[in-house]
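Here's the structure, in C-alpha cells; my notes come after.
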Amino acid sequence: MTTRPHSERRRRRTRPEVEGSPGELGSVLADLRKAKGLSLREVEEATDRAVSNAYLSQLENGRIKKPSPNVLHSLAGVYAVPYEALMEKAGYLLPSSLGAGRPTRLALFAIDDLTAEEEEELLKYLAFLRWRTRS
Numbered sequence: 047m048t049t050r051p052h053s054e055r056r057r058r059r060t061r062p063e064v065e066g067s068p069g070e071l072g073s074v075l076a077d078l079r080k081a082k083g084l085s086l087r088e089v090e091e092a093t094d095r096a097v098s099n100a101y102l103s104q105l106e107n108g109r110i111k112k113p114s115p116n117v118l119h120s121l122a123g124v125y126a127v128p129y130e131a132l133m134e135k136a137g138y139l140l141p142s143s144l145g146a147g148r149p150t151r152l153a154l155f156a157i158d159d160l161t162a163e164e165e166e167e168l169l170k171y172l173a174f175l176r177w178r179t180r181s
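As C-alpha cells, this is what we get:
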C-alpha cells in the first residue's frame, strides 16, 4: 500500500475564515449583544422579528457588511446605543450636524480618549462581568 505525501492527500473542506477584525460592525454587534446577555433568538424577539437570528448571526460573523438603516435602528434600540454610532460603524455617511463635536460612542461610559480597540475591550469585559455575576 502506497501513501501519498501529505500535500497530495485530500483535504477536508473547511469553512473559509470570516473576514473581520476588531472595530468592525460585526464584532461590535456581537460584543454589544453579549454585554446585554442576550442570545441571537432573544434579540430577534426584542426586535419584534425585524432582525432574524440568522441574519444577525451573519452580521456578527462579517458575512453581511452593510445592513439596512432599518436593521441598525432596531438593533440600536435593543442594545441601547446611539443609532448614529451603528450607522457610522456600517460605513454610512452621517449629516455634518451629527458629526460636529464629540464623536458618538457605542459605549456610553467611554472616556473621551479611548481608542476603538479599547472601547471594544471594555465591552467584552463588561460582558464577562455580567456573565460572571449571573453564574
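Position one of the sequence shown corresponds to residue 47 (the working numbering), numbered consecutively onward.
Idealized CB from N, CA, C, for every residue including glycine.
If I follow the unbroken alpha helix (DSSP H) through residue i, where does it start and stop?
i	result
threonine 179	162-180
In terms of alpha-carbon separation, which member of the options lies closest to residue i?
i	options	result
serine 103	Lys80, Pro115, Arg176 and Gly123	Lys80
alanine 121	Leu132, Lys111 and Ala173	Position check: residue 121 holds leucine in this sequence, whereas alanine was assumed. The residue with the shortest Cα to Cα distance from leucine 121 is Leu132.
lysine 112	Arg87, Gly83, Phe174 and Leu75	Leu75
With distances taken between CB atoms, is the gap from residue i to residue j smaller than 7 angstroms?
i	j	result
aspartate 94	lysine 170	no
glutamate 106	glycine 137	no
valine 89	valine 127	no
arginine 176	glycine 83	yes
With a floor of 4 residues, list each alpha helix (DSSP H) that falls wholly inside the region 64-143, ordered by position along the chain. 71-82, 86-92, 99-106, 115-125 and 129-135
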